[in-house]
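Notes for the one structure printed next.
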Amino acid sequence: MISFGRFRYGLISSIVSRQGLAPGETMALIREAASRHYVIPGSTRTKVGERTIQRYLSMYRKGGLDALMPMRRENSSRIPKELIDLAIALRRENPKRSIATIIEMLEVSGQVEPGYLKRSTLYDHFRKAGLTKPQMAPRDTYRRYQAVHRNERWIGDTCHLTYLGEPENPDKKHKVYLIAWMDDYSRKIVHAQLYKAERMPALEDSLKKAIITHGLPAQVYVDNGAIYSSSHFSKICARLGIHLSHSRPYRPQGRGKLERFFLTVQRGFLSELELLSRTSSIDIVKANDLFSSWLKVHYNNKPHSATKQAPSVRFDLDNHPIRHVDITEIHEAFLMEETRKVDKTGIFSLLGQTYETPPELSGKTVTVRFDPYDMAKVQVFFEGKSYGEAKPFDNPRHHVGKTSSSKEVAQDVQETTNINLLTLTPKEGLSYKDMLRR
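Be aware that the sequence shown starts at 157, since it is given in my numbering, and climbs by one per residue.
Right under this line is the structure:
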């Protein structure tokens with residue numbers, strides 16, 4: 157069933173993924189699709205007619221991806237009404253849940269035996285209840301480049317995901333971004349993490365963790381934005397022998413794969429996270445723990461529509477050697493480097509903290525190398541000579557701000573089913589806190 161829908165979507169994807177096409181451009185794309193040969197599921201034919209493609213396009217625009225699925229009629233009266241009502245409640249509770257996700261949630265939570273519910277059955281009931289809708293707005297896509305081995309090319313990108321509060325101050329929300337790195341060959345997400353919107357080198361931190369766990373990529377392919385074009389990021393790639401490539405403005409060929417992943421995150425993870433946050437306090441640490449488990453179970457270990465293999469399996473099965481680097485060399489390569497003026501007392505400031513240097517450096521301008529996520533160790537250099545690590549200086553006049561007390565805020569929360577995909581997902585592998593210690 158799934159292969160039929162995906163095949164039909166593939167015929168029209170070049171059309172629905174673009175906005176503002178003129179009628180003539182649409183017909184040109186239909187003719188191009190009709191001119192090609194395909195392996196058609198359940199058929200010996202190898203070509204699809206223009207009128208058939210036009211019909212698929214009309215079906216998709218009216219009912220989204222679900223409408224492209226073959227409608228196999230079943231005796232839906234055998235399905236208990238309570239089960240259908242629960243499935244409808246899950247859809248109404250979070251309209252972004254796909255039919256496949258709802259069936260999975262019902263199976264994992266023990267409400268139904270695996271394989272009992274069919275997509276077409278639920279689609280019928282959702283249609284009668286007025287709960288089917290088109291997929292999200294189409295996105296621009298381009299002809300894809302395909303790596304031939306793992307770690308040949310990693311694609312990196314950033315996506316604004318949501319706003320999260322803090323446990324001690326739930327009313328104060330801060331913007332949260334998702335930074336992800338995808339192995340082009342396997343589609344495996346070698347690392348992805350949520351970060352607060354602050355002046356910290358999150359891009360570098362995420363790449364560092366990906367390299368620690370998966371080895372060095374031959375190339376990283378990123379946007380041409382400021383964070384991807386910084387001198388620090390370029391130096392890191394040069395130190396580790398990684399080729400840094402940028403997509404051309406308005407021509408993001410290759411990064412559409414990662415944009416598709418971000419859409420999967422928004423539909424599968426974010427929609428559940430926002431629902432869970434109505435009844436639970438979710439900070440960025442908790443959100444990252446939930447995301448790490450979701451990523452492993454619901455993306456990396458599930459067959460990918462393009463490769464027909466789970467990304468983790470495809471990555472592991474490739475026999476191309478992985479370039480590993482000593483962990484100390486990795487940490488050194490990612491250290492930031494800045495200059496600081498040491499005052500007459502031998503003290504300098506760095507990222508809001510003060511450090512003490514040897515007396516002979518008083519009044520000098522020194523070079524410091526440091527990890528902004530571990531400010532306990534700051535290396536000091538002057539005229540090419542190392543002066544070891546600066547000592548954190550305990551300033552007695554350092555002001556500690558008041559800690560605001562938590563407030564209980566009454567919210568008008570609609571009744572939920574208490575079944576959530578994220579809480580059903582098993583916790584496997586390293587937690588977010590464990591990763592911070594790497």
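Idealized CB from N, CA, C, for every residue including glycine.
Quick caveat: nothing in here was measured; it's all calculated off a predicted structure.
Inset, instruction - For P467, name the three-state secondary structure that DSSP assigns. - result: For the purposes of this step, residue 467 is identified with residue 311 of the sequence shown, where counting begins at 1. P467: helix per DSSP, three-state reduction.
Inset, instruction - Answer yes or no: do L167 and A189 have a C-beta to C-beta separation smaller than 7 Å? - result: On the sequence shown, position 11 is the one that residue 167 refers to. On the sequence shown, position 33 is the one that residue 189 refers to. Yes. Within cutoff.
Legend entry - Chain-order list of residues whose beta-carbon lies under 8 Å from that of Q567 (same chain, five-residue window excluded): Here residue 567 refers to the residue found at position 411 of the sequence shown. Because the pLDDT of Q567 is 45, which lies under 50, any placement of that residue in the model is unreliable, and the number read from its coordinates should be weighed accordingly. Cβ neighbours of Q567 beyond the five flanking positions: R434.
Legend entry - Enclosing alpha helix (DSSP H) for E249 [first to last residue]: Within the sequence shown, numbered from 1, the residue matching residue 249 stands at position 93. Where E249 is concerned, the enclosing alpha helix (DSSP H) stretches over K237 to E249.
Inset, instruction - Report the option in H305, P197, K541 and S390 whose CA atom is closest to the CA atom of Y165. - result: Here residue 165 refers to the residue found at position 9 when the sequence shown is read from its first residue. Among H305, P197, K541 and S390, the Cα nearest to that of Y165 belongs to P197.
Legend entry - Counted within 10 angstroms of its Cβ, other Cβ atoms place N456 as buried (16 or more) or exposed: For the purposes of this step, residue 456 is taken as the residue at position 300 of the sequence shown. Counting Cβ neighbours within 10 Å, N456 comes out buried, since at least 16 surround it.
Legend entry - Rounded C-alpha distance that separates S436 from P179: Here residue 436 is taken as the residue at index 280 of the sequence shown, counted from 1. Here residue 179 is taken as the residue at index 23 of the sequence shown, counted from 1. Straight-line Cα distance between these residues: approximately 49 Å.
Legend entry - Within 7 Å, strictly: CB atoms of F609 and E512: Because the chain here runs from 157 to 594, residue 609 falls outside it and cannot be looked at.
Legend entry - Top-ranked residue by Cα proximity to V625, from I345, I440 and Y384: What is shown of the chain runs 157 to 594, which leaves residue 625 out entirely.
Legend entry - Contacts around K331, its chain only, beta-carbon distance under 7 Å, and the 5 residues preceding and following it disregarded: Position 175 of the sequence shown, counted from the first residue, corresponds to residue 331. Counting only Cβ-Cβ distances below 7 Å, and skipping sequence neighbours, we find H316, Y319 and A353.
Legend entry - Contacts around L431, its chain only, beta-carbon distance under 6 Å, and the 5 residues preceding and following it disregarded: Counting from one through the sequence shown, the residue named residue 431 turns up at place 275. Closer than 6 Å at the Cβ level, and outside the excluded window around L431, lie N250.
Inset, instruction - Please state if the CB of I486 and the CB of I335 are separated by a distance shorter than 7 Å. - result: As a working mapping, residue 335 is identified with position 179 in the sequence shown. As a working mapping, residue 486 is identified with position 330 in the sequence shown. Taking 7 Å as the Cβ cut-off, I335 and I486 do not qualify as a contacting pair.
Legend entry - Chain-order list of residues whose beta-carbon lies under 8 Å from that of R162 (same chain, five-residue window excluded): Position 6 of the sequence shown holds residue 162. Hits under 8 Å: S461.
Legend entry - Inter-residue spacing [alpha-carbon to alpha-carbon] between R470 and L363: Here the question's residue 470 lines up with position 314 in the sequence shown. Here the question's residue 363 lines up with position 207 in the sequence shown. Note on geometry: alpha-carbon atoms of R470 and L363 lie some 21 Å from one another.
Inset, instruction - Answer yes or no: do L577 and M261 have a C-beta to C-beta separation smaller than 7 Å? - result: As a first step, residue 577 must be located in the sequence shown, where it is residue number 421. As a first step, residue 261 must be located in the sequence shown, where it is residue number 105. Yes, these two residues count as a Cβ contact at 7 Å.
Legend entry - Distance CB(V498)-CB(V522) smaller than 7 Å: For the purposes of this step, residue 498 is taken as residue 342 along the sequence shown, with counting starting at 1. For the purposes of this step, residue 522 is taken as residue 366 along the sequence shown, with counting starting at 1. A contact, by the Cβ cut-off of 7 Å.
Inset, instruction - Sort N444, S214, M338 and M531 by Cα distance to L506 and report the nearest one. - result: Indexing the sequence shown from 1 puts residue 506 at position 350. Out of N444, S214, M338 and M531, M531 has the C-alpha closest to the C-alpha of L506.
Legend entry - Same chain, Cβ closer than 8 Å to S390, five either side skipped, listed in chain order: If you number the sequence shown from 1, residue 390 lands on position 234. The beta carbon of S390 sits closer than 8 Å to those of L400, all from its chain and outside the five residues before and after it, given in chain order.
Inset, instruction - Compare the C-alpha of K541 against each of T510, E516 and K533 and name the closest. - result: For this step, residue 541 is matched to residue 385 along the sequence shown. Of T510, E516 and K533, the residue nearest in Cα terms is E516.
Inset, instruction - Taking D280 as part of the alpha helix (DSSP H), name the residues at either end of that continuous run. - result: Counting from 1 along the sequence shown, the entry for residue 280 is found at position 124. Counting along the chain, the alpha helix (DSSP H) containing D280 begins and ends at R275 to K284.
Inset, instruction - Count the other C-beta atoms from every protein chain shown that fall within 10 angstroms of the C-beta of M338, then say buried if there are 16 or more, exposed otherwise. - result: Residue mapping note: residue 338 aligns to position 182 of the sequence shown, counting from 1. M338 comes out buried.
Inset, instruction - Determine the contact status of H476 and R306, defining contact as a CB-CB distance below 7 Å. - result: Taking the sequence shown and counting its residues from 1, one reaches residue 476 at position 320. Taking the sequence shown and counting its residues from 1, one reaches residue 306 at position 150. It is a contact, given that the beta carbons lie within the stated cut-off.
Inset, instruction - Determine the extent of the beta strand (DSSP E) in which V524 is found, giving its start and end residues. - result: Translated into positions along the sequence shown, residue 524 becomes position 368. According to the DSSP assignment, V524 belongs to the beta strand (DSSP E) that extends over T521 to D527.
Legend entry - C-alpha distance - D313 paired with L414, whole-angstrom precision: Residue mapping note: residue 313 aligns to position 157 of the sequence shown, counting from 1. Residue mapping note: residue 414 aligns to position 258 of the sequence shown, counting from 1. Spanning the alpha carbons of D313 and L414 requires a straight line of approximately 7 Å.
Legend entry - Any chain B beta carbon closer than 7 Å to Q422: Given the protein chain composition of this structure (a single chain), no chain B is represented.
Legend entry - Proximity to K252 [Cα-Cα], best of H347, S191, R283 and L426: If you number the sequence shown from 1, residue 252 lands on position 96. Check the Cα spacing between K252 and each of H347, S191, R283 and L426: the tightest is with L426.
Legend entry - beta strand (DSSP E) runs wholly inside the stretch 432 to 501, at least 3 long, in chain order: DSSP runs (the beta strand (DSSP E)) wholly in the stretch 432 to 501: 492 to 497.
Legend entry - Coil, strand or helix - Q567 by DSSP: As a first step, residue 567 is located in the sequence shown; it is residue number 411 there, counting from the start. Only weak support is given to the placement of Q567: the predicted model assigns it a pLDDT of 45, under 50, and the value that follows is read from those uncertain coordinates. Coil, per DSSP.
Inset, instruction - Count the other C-beta atoms from every protein chain shown that fall within 10 angstroms of the C-beta of R275, then say buried if there are 16 or more, exposed otherwise. - result: As a first step, residue 275 must be located in the sequence shown, where it is residue number 119. When all chains shown are included, R275 counts as buried.
Legend entry - Counted within 10 angstroms of its Cβ, other Cβ atoms place H347 as buried (16 or more) or exposed: Numbered from 1 along the sequence shown, position 191 holds the residue referred to as residue 347. Classification for H347: buried.
Inset, instruction - Give a yes or no on whether the C-beta atoms belonging to I383 and L359 are separated by under 7 Å. - result: Translated into the one-based positions of the sequence shown, residue 383 becomes position 227. Translated into the one-based positions of the sequence shown, residue 359 becomes position 203. Yes, they are a contact pair.
Inset, instruction - Write down the C-beta distance between G220 and T288 rounded to the nearest angstrom, noting that I regard them as a contact closer than 8 Å. - result: Sequence index remark: in the sequence shown, residue 220 carries index 64 (1-based). Sequence index remark: in the sequence shown, residue 288 carries index 132 (1-based). Confirmed, Cβ separation roughly 7 Å.
Legend entry - Length at least 4, wholly inside the stretch 316 to 354: the alpha helix (DSSP H) runs in chain order: Entirely contained in the stretch 316 to 354, not one alpha helix (DSSP H) run reaches 4 residues.
Legend entry - C-alpha distance - G266 paired with K533, whole-angstrom precision: Along the sequence shown, one-based indexing puts residue 266 at 110. Along the sequence shown, one-based indexing puts residue 533 at 377. One Cα belongs to G266, the other to K533, and the distance between them is close to 51 Å.
Legend entry - Which residues DSSP lists as bridging T314, in chain order: Taking the sequence shown and counting its residues from 1, one reaches residue 314 at position 158. For T314, the pairing in a beta bridge is given by DSSP as I335.
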